[in-house]
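For the sequence shown, the numbering used here gives the first residue as 385, with consecutive numbering after it. For reference, the structure discussed in these notes is given below.
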Amino acid sequence: MSATPGRIGALAGVAVLGLSVSAAGAPPEKQAAAATTYHCVGFDEPIRNDMQVAKGRVLPLRAKLATDSGGFADQTVVKAAPKVRVFFVPESGSEVDRTDQIDVRDYGNGTSFVWDAEAHWKFDLGTLKFADMGKYRAVLLSGDDAAYRVEPTCQVTFVLR
């Protein structure tokens with residue numbers, strides 16, 4: 385019996401249908417879990433928006449990741465520590481990422497916050513290596529977007545002089 389275009393089309397439709405059913409029936413371990421959302425509480429004093437900062441000063445960024453139920457996420461809950469990104473905000477034009485110019489001081493690991501016994505995430509942001517004088521914006525971000533999100537996040541603007 386020879387194949388006809390009608391039969392090939394019917395067979396192709398069955399094959400596609402078979403693939404669709406097997407993809408939809410993927411085991412739970414293969415399906416992506418929804419990322420948890422935390423709310424950033426911070427940055428704590430002495431940090432405040434638009435503060436004047438002398439070049440070389442260290443900004444102690446301190447924050448907590450709160451849950452909707454009122455709890456907080458520590459290093460046992462969040463496996464990938466939150467990260468910091470820093471942007472230079474020129475008077476005109478777009479922000480410029482200056483994260484590569486961060487001067488990590490006592491607390492921090494690369495661009496990652498560290499957990500401390502005082503029950504918050506810490507990052508000591510050194511300003512010595514920032515090349516430009518002017519306004520900057522530092523923001524806390526998730527260390528693993530697939531595992532958790534931070535909304536709203538913590539951020540602060542400061543003026544380097």
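By construction, the Cβ of each residue, glycine as well, lies at the ideal position given by its N, Cα and C atoms.
Where does residue 531 sit, in a helix, a strand or coil, going by DSSP?
coil
Once DSSP output is grouped into helix, strand and coil, what is the label at residue 483?
helix
Sorted by chain position, which residues of the same chain lie with C-beta nearer than 6 Å to residue 442's C-beta, five sequence neighbours on each side aside?
Exclusion of the five residues before and after residue 442 leaves 489, 508, 510 as the residues of its chain whose Cβ lies within less than 6 Å of its Cβ.
Please classify residue 462: does DSSP put it in a helix, a strand, or coil?
In this structure, residue 462 counts as coil in the three-state DSSP scheme.
According to DSSP, is residue 415 part of a helix, a strand, or is it coil?
Low local confidence applies: a pLDDT of 41 at residue 415 is under 50, so the model's placement there is unreliable, with the coordinate-based value given in what follows. Coil.
Could you check how far apart the C-beta atoms of residue 498 and residue 465 are, in whole angstroms? I think they sit under 8 Å.
Contact flag correct, Cβ pair sits at about 7 Å.
Within 10 angstroms of the Cβ of residue 446, are there 16 or more other Cβ atoms? Answer buried if so, exposed if not.
buried
Could you give the distance in angstroms between the alpha-carbon of residue 474 and the alpha-carbon of residue 481?
11 Å
Does the beta carbon of residue 535 fall short of 6 Å from some heavy atom of the ligand ZN?
For the structure depicted, the ligand ZN is absent and the ligand set is empty, with no information on it obtainable.
Going by the CB atoms, is the gap between residue 434 and residue 537 shorter than 7 Å?
no
Rounded to whole angstroms, what's the CA-CA distance from residue 527 to residue 469? Just pull it up for me.
11 Å
Return the residue from the list 521, 504, 545 that minimises the CA-CA distance to residue 432.
It is 521.
Give the secondary structure of residue 445 by DSSP, where H, G and I count as helix, E and B as strand, and everything else as coil.
strand
Which residue's Cα is closest to the Cα of residue 487: 471, 513, 478, 493?
Taking each of 471, 513, 478, 493 in turn and checking the Cα distance to residue 487, the smallest one comes out for 513.
Enumerate in chain order the residues of its own chain whose CB-to-CB distance from residue 420 is below 6 Å, with the five nearest sequence positions on each side excluded.
For residue 420, where only same-chain residues beyond five positions count, the Cβ hits under 6 Å are 532.
Considering residue 497, what are the terminal residues of the beta strand (DSSP E) in which it resides?
That residue, residue 497, is in no beta strand (DSSP E); it is neither H nor E in DSSP.
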